[in-house]
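**Q**
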Amino acid sequence: MDYLPLFCQLRGRACLLVGGGEVAERKARLLLKAGADLRVCAPHFSAPFHEWQQTGQLTLIEGTFEAEMLAACWLAIAATDSHEVNQQVQTAAEERQIFCNVVDAPEAASVIMPSIIDRSPLLVAVSSGGRAPVMARLLREKIEALLPQHLGKIAAFAGSLRQRVKQDFSEMSQRRRFWEKLFSHDRLAQSLASDDAPQVEKLTEALFQAPLSDRGEVVLVGAGPGDAGLLTLKGLQQLQQADIVIYDRLVSEEILELVRRDAERLFVGKRAGHHCVPQEEINQILLHHAQQGKRVVRLKGGDPFIFGRGGEELETLAAHHIPFSVVPGITAASGCSAYAGIPLTHRDHAQSVRLVTGHLKHENQLDWSKLAAEQQTLVFYMGLSQAPEIQRQLLAQGMAADMPVALVENGTSVRQRVVDGTLTQLAELAQQVQSPSLIIVGRVVTLRHKLNLSQSA
Ligand code: SAH
Numbered sequence: 009m010d011y012l013p014l015f016c017q018l019r020g021r022a023c024l025l026v027g028g029g030e031v032a033e034r035k036a037r038l039l040l041k042a043g044a045d046l047r048v049c050a051p052h053f054s055a056p057f058h059e060w061q062q063t064g065q066l067t068l069i070e071g072t073f074e075a076e077m078l079a080a081c082w083l084a085i086a087a088t089d090s091h092e093v094n095q096q097v098q099t100a101a102e103e104r105q106i107f108c109n110v111v112d113a114p115e116a117a118s119v120i121m122p123s124i125i126d127r128s129p130l131l132v133a134v135s136s137g138g139r140a141p142v143m144a145r146l147l148r149e150k151i152e153a154l155l156p157q158h159l160g161k162i163a164a165f166a167g168s169l170r171q172r173v174k175q176d177f178s179e180m181s182q183r184r185r186f187w188e189k190l191f192s193h194d195r196l197a198q199s200l201a202s203d204d205a206p207q208v209e210k211l212t213e214a215l216f217q218a219p220l221s222d223r224g225e226v227v228l229v230g231a232g233p234g235d236a237g238l239l240t241l242k243g244l245q246q247l248q249q250a251d252i253v254i255y256d257r258l259v260s261e262e263i264l265e266l267v268r269r270d271a272e273r274l275f276v277g278k279r280a281g282h283h284c285v286p287q288e289e290i291n292q293i294l295l296h297h298a299q300q301g302k303r304v305v306r307l308k309g310g311d312p313f314i315f316g317r318g319g320e321e322l323e324t325l326a327a328h329h330i331p332f333s334v335v336p337g338i339t340a341a342s343g344c345s346a347y348a349g350i351p352l353t354h355r356d357h358a359q360s361v362r363l364v365t366g367h368l369k370h371e372n373q374l375d376w377s378k379l380a381a382e383q384q385t386l387v388f389y390m391g392l393s394q395a396p397e398i399q400r401q402l403l404a405q406g407m408a409a410d411m412p413v414a415l416v417e418n419g420t421s422v423r424q425r426v427v428d429g430t431l432t433q434l435a436e437l438a439q440q441v442q443s444p445s446l447i448i449v450g451r452v453v454t455l456r457h458k459l460n461l462s463q464s465a
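In this text, residue positions in the sequence shown follow the numbering used here: the first is 9, and each later residue adds one.
#1: Contact defined as beta carbons within less than 8 Å: I believe V229 pairs with L215. What is the distance between those atoms, to the nearest angstrom?
#2: If you compare alpha carbons, which of A84, E262, V426 and G224 is closest to A236?
#3: Where A326 and Q299 are concerned, what is the direct C-alpha to C-alpha distance, given to the nearest angstrom?
#4: Only counting runs of 3 or more residues, tell me where the beta strand (DSSP E) segments fall wholly within the segment 329-373, in order along the chain.
#5: Where are the beta strand (DSSP E) runs, 3 residues long or more, that stay fully inside the segment 110-178, in chain order?
#6: DSSP state of E225, grouped into three classes?
#7: Just confirm the distance between the C-beta atoms of D45 and A22, as a whole number of angstroms; I'd bet it's less than 8 Å.
#8: F53: beta carbon under 7 Å from a heavy atom of the ligand SAH?
#9: Run through DSSP, which three-state label would T212 get?
#10: Considering only the alpha carbon of each residue, which of Q384, R425 and Q287 lies closest to A348?
#11: Could you check which residue in K378, F165 and V227 has the C-alpha nearest to that of L294?
#12: Would you mind working out which of S360, K378 and P396 sits nearest H367, comparing C-alpha positions?
#13: For A380, which residues of its own chain have a beta-carbon under 7 Å away from its beta-carbon, when the five flanking residues on both sides are left out?
#14: Name the residue from N94, G429, E225 and V427 whose alpha carbon lies nearest to the alpha carbon of V26.
#15: Hey, L66 and A86: beta-carbon distance below 8 Å or not?
#16: In the DSSP output, what is F388 paired with across the bridge?
#17: Could you tell me whether any non-hydrogen atom of the ligand SAH is closer than 7 Å to the CB of Y389?
#18: Name the DSSP bridge partner or partners of P412?
#19: Nearest-angstrom Cα distance between G20 and H193?
#20: For V422, does the three-state DSSP call read helix, strand or coil?
#21: Does the segment 355-364 come close enough to the segment 412-421 to have 3 or more Cβ pairs within less than 8 Å?
#22: Whose C-alpha, out of G391, D428, I448 and Q440, is nearest the C-alpha of H457?
#23: Thinking G167 and P206 are a contact (beta carbons under 8 Å), I'd like their distance in whole angstroms, please.
#24: Is G319 closer than 8 Å to A231 when the C-beta atoms are compared?
#25: Excluding sequence positions up to five away, which residues of its chain have a Cβ less than 8 Å from the Cβ of V173?
#26: Identify the residues that DSSP records as bridge partners of Y255: which are they?
#27: Grab the span of the beta strand (DSSP E) containing V441 for me, first residue to last.
#28: Taking the runs of the beta strand (DSSP E) that are 3 residues or longer, which of them lie wholly in the segment 12-82?
#29: I want to check one thing, is the minimum distance from the CB of N291 to the heavy atoms of the ligand SAH below 7 Å?
#30: Give the DSSP-derived three-state secondary structure of I290 in the structure shown.
#31: Taking the continuous alpha helix (DSSP H) assigned at I398, which residues delimit it?
#32: Which same chain residues, not among the five before or five after T353, have their C-beta less than 8 Å away from its C-beta?
#33: Distance, Cα to Cα, I314 vs V285?
#34: Is the beta carbon of E417 within less than 7 Å of some heavy atom of the ligand SAH?
#35: Tell me which residue opens and which closes the alpha helix (DSSP H) that L322 is part of.
#36: Taking the C-alpha atoms as reference points, what is the distance between Q61 and T339?
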């Protein structure tokens, strides 16, 4: 280890910053955030420095650096554009055994500044020891994206509960379980983020009161249509906190790769030659695991509330007072249309879009005359086996025989295939693709040849 990471308490402690330009400004911002008693020395200062002085946040010393300025300082930062001056600051600090950061020669200095992810009081600092600063920055961006903005609020809130948790739970393992539940309680996090104090109190009390085994929760997460890049950040965070992930066949391997390594995985989809697990049984499985106190993630292709039967699963949970939340996903219609170059609406061709299920329980469940109207786009989910019926009904209701149609198979994945033609060819085209496929009907399909970036079959 070339450096020891330390978190310094600078509040009210004298620090000297040498330099009055843009680089120095960035350092000043950090030091002010940390509450340092900041003195800044330079012959000239940029505008923000004058503002900070006027508001009493720091002291400006106009002129050149002198070693005496370091008297009583805990930390020095050399941030001028002159290598020579920076060196002087460093030498003087070294002589006085004061830690010093030097912007243009970090490797020679006694302190380097890490990249910071600030979720105060939670702080993550990343450093490559000055060897690969771009890599450190990229890593910082990744961590930044992974850590919810409101994490700091949760950490601060946890701090306020520490005493009570000590009192209420005598055993270490109980406390740990309590904290795990608290930190992964999505609704509590949301309530803290939105400063909803009554709700925070209610949920916290419920956590304290319920037996530890009862503190399960279910999060319905939309996995998007296939490409793992289309998972939301929030969805990813949930996958990484899950005790168990219950998924079906539309969830891609790539997405499953992102599930926390130790989490249990349960497949409830259809395997070749077998039927899928009936919905009622899935509802019971979710309930069962949540009642064991687990954090259950129900992972669904696309968006859980669009032909995902998410609503039915939640009804069962609500009836048993299991806390739940929903993380939306990119639905197949959005994903496929974007990746196939077919905008769902267009000022000239379609003023509305309808998401329609092709999986019909009864004849006449759909009002075909409304579906056959011009100037709209129809997107059929689960429509492959019903393609002949869709074609027949739309033609019978007077939709133009040359209405363009496209079928997108495995949309957004590397296996995406698109076939297109006209309404009279729909049944035939449906024979050329496999499930999962989406049927898009409308004049917008013609734009595909102008806009398409991906391959077609
Ligand atoms: N909740 C999902 C839809 C579930 S219904 C969503 O919001 O996307 C299942 C149907 O979705 C499939 O029969 C198919 O029509 C469509 N579908 C899902 N993923 C797809 C994909 N990657 N490519 C094409 N169609 C897809």
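Every residue, glycine too, gets a C-beta built ideally from N, C-alpha and C.
**A** Reading it off the structure:
#1: Taking the sequence shown and counting its residues from 1, one reaches residue 229 at position 221. Taking the sequence shown and counting its residues from 1, one reaches residue 215 at position 207. Contact doesn't hold; Cβ gap of about 22 Å is too wide.
#2: Position 228 of the sequence shown, counted from the start, is the residue given in the question as residue 236. The shortest C-alpha separation from A236 is found at E262.
#3: The count along the sequence shown starts at 1 and reaches residue 326 at position 318. The count along the sequence shown starts at 1 and reaches residue 299 at position 291. Going by the C-alpha atoms only, they are around 12 Å apart.
#4: 332-335 and 360-365
#5: 123-127 and 130-134
#6: As a working note, residue 225 is residue 217 in the sequence shown. It is a strand residue.
#7: To locate residue 45, count along the sequence shown from 1; it is residue 37. To locate residue 22, count along the sequence shown from 1; it is residue 14. D45 to A22, Cβ: 5 Å. Contact.
#8: Residue numbering aside, residue 53 sits at position 45 when the sequence shown is read from its first letter. The answer is no for F53.
#9: To locate residue 212, count along the sequence shown from 1; it is residue 204. Here T212 sits in helix by DSSP.
#10: To locate residue 348, count along the sequence shown from 1; it is residue 340. Considering only alpha carbons, the answer is R425.
#11: In the sequence shown, residue 294 corresponds to position 286, counting from 1. Among K378, F165 and V227, the Cα nearest to that of L294 is on V227.
#12: As a first step, residue 367 must be located in the sequence shown, where it is residue number 359. Considering only alpha carbons, the answer is P396.
#13: For the purposes of this step, residue 380 is taken as residue 372 along the sequence shown, with counting starting at 1. Closer than 7 Å at the Cβ level, and outside the excluded window around A380, lie L402, Q405, G406 and M407.
#14: Start at 1 with the first residue of the sequence shown, and residue 26 comes out as number 18. If we check each option's Cα against that of V26, N94 comes out closest.
#15: Start at 1 with the first residue of the sequence shown, and residue 66 comes out as number 58. Start at 1 with the first residue of the sequence shown, and residue 86 comes out as number 78. Not closer than 8 Å, so no.
#16: Against the sequence shown, residue 388 aligns to sequence position 380. For F388, which the question treats as bridged, DSSP gives the partners V364 and I447.
#17: Working through the sequence shown from its first residue, we reach residue 389 at position 381. Yes - the ligand SAH has a heavy atom lying nearer than 7 Å to the Cβ of Y389.
#18: By one-based count along the sequence shown, residue 412 stands at place 404. Beta-bridge pairing links P412 to T430.
#19: Residue mapping note: residue 20 aligns to position 12 of the sequence shown, counting from 1. Residue mapping note: residue 193 aligns to position 185 of the sequence shown, counting from 1. C-alpha separation (whole angstroms): 36 Å.
#20: Indexing the sequence shown from 1 puts residue 422 at position 414. Coil.
#21: no
#22: Walking along the sequence shown from the start, residue 457 turns up at place 449. The residue with the shortest Cα to Cα distance from H457 is D428.
#23: Here residue 167 corresponds to residue number 159 of the sequence shown, with the count starting at 1. Here residue 206 corresponds to residue number 198 of the sequence shown, with the count starting at 1. So it is not a contact: roughly 21 Å between Cβ atoms.
#24: Position 223 of the sequence shown holds residue 231. Position 311 of the sequence shown holds residue 319. In this structure, G319 does not lie closer than 8 Å to A231 by Cβ.
#25: Locating residue 173 in the sequence shown gives position 165, where the first residue counts as 1. Correct list, in chain order: R183, F186 and W187.
#26: Within the sequence shown, residue 255 is the residue found at index 247, counting from 1. In DSSP, Y255 forms a bridge with F275 and L307.
#27: For this step, residue 441 is matched to residue 433 along the sequence shown. That residue, V441, is in no beta strand (DSSP E); it is neither H nor E in DSSP.
#28: 22-26, 45-50 and 66-70
#29: One-based indexing of the sequence shown puts residue 291 at position 283. Answer for N291: no, Cβ out of range of the ligand SAH.
#30: As a working mapping, residue 290 is identified with position 282 in the sequence shown. Helix, per DSSP.
#31: In the sequence shown, residue 398 corresponds to position 390, counting from 1. From DSSP, the alpha helix (DSSP H) with I398 extends over A395 to A404.
#32: By one-based count along the sequence shown, residue 353 stands at place 345. Excluding residues within five positions, the ones whose Cβ falls inside 8 Å are Q359, S360, V361, T385 and V452.
#33: The residue labelled residue 314 in the question sits at position 306 within the sequence shown. The residue labelled residue 285 in the question sits at position 277 within the sequence shown. Near 19 Å, if we compare the C-alpha coordinates of V285 and I314.
#34: Here residue 417 corresponds to residue number 409 of the sequence shown, with the count starting at 1. Yes, Cβ of E417 sits closer than 7 Å to a heavy atom of the ligand SAH.
#35: The count along the sequence shown starts at 1 and reaches residue 322 at position 314. Here the alpha helix (DSSP H) through L322 covers G318 to A327.
#36: To locate residue 61, count along the sequence shown from 1; it is residue 53. To locate residue 339, count along the sequence shown from 1; it is residue 331. Roughly 52 Å separates the two Cα atoms.
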